[in-house]
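Since the structure comes first, as structure tokens, the remarks are kept for the end.
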Amino acid sequence: MPAFEPVLSRNFQVPDSHTLRVYTERGGYSTARHVLTTMTPEAVVQVVKDSELRGRGGAGFATGLKWTFLPKDRKETFMCVNADESEPATFNNRWLMERDPHQLLEGILISCFATQAQIAYIYIRFEYINATRILEQAIAEARAAGHLGRNIYGSGFDCEIYVHRGAGAYICGEETGLIESLEGKRGWPRIKPPFPAIEGAFRKPTVVNNVETLCCVPHILERGASWFRSIGTPKSYGPKLYTVSGHVNRPVCVELPLGVTARELIDEHAGGCWKGRKVKAVVPGGISMGLMSADELDVKLDFEEIRKTGCLGLGTAALTVLDDHTSLVDYLYNTCRFFAHESCGQCTPCREGTAWFYKTLKRIKAGGGRLEDLDLLRSLAQNLGITPGTTICGLADGAAWPIRNALDKFRPEFEDYIRTHQNPAAGPTPLQEAIFHGRPADPLITQIGLSKPSTPASALNPPPPTPSTATH
Ligand SMILES: Cc1cc2nc3c(=O)[nH]c(=O)nc-3n(C[C@H](O)[C@H](O)[C@H](O)COP(=O)(O)O)c2cc1C
Ligand code: SF4
């Protein structure tokens, strides 16, 4: 088998790699020119379908297939480039945008041609100020050189790309939350169907793709679908930018064939676990994917095999390493705090569930935990999310999976912590106690006959004040 040749990151170390001059000197935009002047949009879609490229934004959906969902008789199409990258510890999109912005623009141009989108919006997270500036400069250069604008390369195809900055919300990475935000509204995910391919930005057919997904496209068109499928593992083809951070000697962003193991990433590319310690657990693809234990470091990190570990999926392939001095109570507390803060609040199970996760972990951390809390957390995590069908979007699944995995794989550590960190002052509130032990029915509801009271209404509901003592 030929040695692996990085393509997505090939310009990362080249001085001035963000400029049009360097990009074109190294062959940039020649594939776009070839595609726009010699191929049909349908032929481009077919090549991407044949490559079996799967989206790099988290869900791993087949890119070419997604493009075919656009209605055949559409009059207008939009492309939304998902550069929100708000999954904690993920930074591969940032590297692609800062170090090789024209690779992304070429990928967008070819993908817009394939889907006949004449306008693309790069929705970029608020915090990426540097990447925003670099992209805006790159777009201006590309437009001035005729790679964007009207009648590109004399092909008759027009395309404009705009950068749109988000306001800093994790939920705006979810594709329909992104579209709502792009339209100037609160970033609340939409109920699907309709999916964006049918009704997306400004209610028009829309393609949403991740930055890295689109960066793969020029290479697939240049080298062919079979080249792409020769890399990786079955059903998980192509190169991937993995990031490794946390308790390692050398945090890194490295391009490798899909399907490397966490052990290889940590030991060979990130300089090993820091301070001579051992790995205790690995967060495999952003915190929403769950948790791998040290026994699972040899599992292939691709779209399929990682599920054998009980994790939700590959996600963004951003690994965070936790060493054996790390308290998993702290890990889970921070994770729950994040999701409680980022839930958009539309769905009651997610809004209330993430808040309950957080409050319970906060109490356990403070020394007020009870062993029964672990069962309560586990059963709530089982019933929360788009997978059990209780929410609109996958944020809730992302909140639940770390709890499922942490408790299934590390329950003794949580039990030990609860037993050895008892602080009576941090115990549950009366309301938490009441709910845990089966809260009596609301007397108001029982009065109108919806359920039977388990406690006399008078015991729960003191009589109203007499008119003479009432205050208004
Ligand atoms: C809560 C939540 C946050 C998400 N954040 C991102 C993100 O920051 N970037 C991204 O590309 N996809 C994100 N996604 C996935 C997108 O909804 C969508 O699947 C993706 O942009 C499609 O692109 P792809 O097919 O190229 O992967 C998120 C999904 C959810 C549920
Ligand atoms: S699951 Fe959570 S984040 Fe997603 S729409 Fe519902 S409340 Fe909002």
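FYI, the numbering for the sequence shown is -4 to 467, going by the working numbering. Note that the Cβ used here is the ideal one computed from N, Cα and C, for glycine as well. The structure presented is a predicted model; accordingly, all values stated were derived computationally and were not measured.
Reduced DSSP secondary structure (H/G/I, E/B, other) of residue i
i, result
"K67", "coil"
"P252", "strand"
"S25", "helix"
"F(-1)", "coil"
"R245", "coil"
"A421", "helix"
"F409", "helix"
"N205", "strand"
"A465", "Caution is warranted here: a pLDDT of 35 is assigned to A465, below 50, making its placement in the model unreliable, and the coordinate value is therefore given only provisionally. A465: coil per DSSP, three-state reduction."
"A276", "strand"
"E93", "helix"
"Y148", "helix"
"S4", "coil"
"N77", "strand"
"E47", "coil"
"E155", "strand"
"P234", "strand"
"S221", "helix"
"S12", "coil"
"K303", "helix"
"V316", "strand"
"I117", "strand"
"G271", "helix"
Residue i beta carbon near ligand 1 (any heavy atom closer than 7 angstroms)
i, result
"Y148", "no"
"K61", "yes"
"N418", "no"
"R181", "no"
"S106", "no"
"R332", "no"
"N6", "no"
"E169", "yes"
"S468", "With the chain running from -4 to 467 in the structure shown, residue 468 is simply not present."
"V203", "yes"
"G472", "Since the displayed the chain opens at -4 and closes at 467, residue 472 lies outside it and no answer follows."
"T469", "With the chain represented from -4 up to 467, any question about residue 469 goes unanswered, as that position is not in the structure."
"R21", "no"
"G308", "no"
"G53", "yes"
"G50", "yes"
"T208", "yes"
"N125", "no"
"N77", "yes"
Residue i CB to nearest heavy atom of ligand 2 below 7 angstroms
i, result
"I166", "yes"
"S231", "no"
Exposed unless 16 or more other CB atoms sit within 10 angstroms - verdict on residue i
i, result
"Q417", "exposed"
"D11", "exposed"
"F298", "buried"
"K67", "exposed"
"K61", "buried"
"T386", "buried"
"R358", "buried"
"E71", "exposed"
"L100", "buried"
"H214", "buried"
"S374", "exposed"
"R245", "exposed"
"V2", "buried"
"F(-1)", "exposed"
"L445", "Residue confidence for L445 is low, a pLDDT of 45 falling below 50, so the modelled location carries little weight; the figure read from the coordinates is stated next. L445 comes out exposed."
"F197", "exposed"
"S25", "exposed"
Which listed residue (the options) has its alpha carbon closest to that of residue i
i, options, result
"S469", "R185, Y123, V255 and A265", "This structure does not reach residue 469, given that the chain is present from -4 up to 467, and the question cannot be answered."
"E468", "A257, T238, H242 and T256", "Past the edges of the chain, shown from -4 to 467, lies residue 468, and the structure says nothing about it."
"V203", "D79, E136 and I226", "D79"
"I156", "L323, V76, T349 and S25", "V76"
"T382", "A335, V277 and L307", "L307"
"T110", "S25, P229, A401 and F152", "F152"
"S283", "A133, T315 and T343", "T315"
"T349", "L356, R302 and A335", "A335"
"R414", "V324, C107 and L286", "V324"
"L402", "F352, G227 and A313", "F352"
"K199", "R69, G380, T355 and E207", "R69"
"A312", "K270, A54 and K44", "A54"
Heavy atom of ligand 3 within 7 angstroms of residue i beta-carbon
i, result
"N87", "Ligands present in the displayed structure are limited to ligand 1 and ligand 2, and ligand 3 is not among them."
message = Any residue with its Cβ nearer than 6 angstroms to a heavy atom of ligand 2 should be included. What is that list in chain order?
response = Every residue whose beta carbon comes nearer than 6 angstroms to a heavy atom of ligand 2 appears here in chain order: I166, P184, S338, C339, G340, Q341, C342, C345, R346, T386, I387, C388, L390 and A391.
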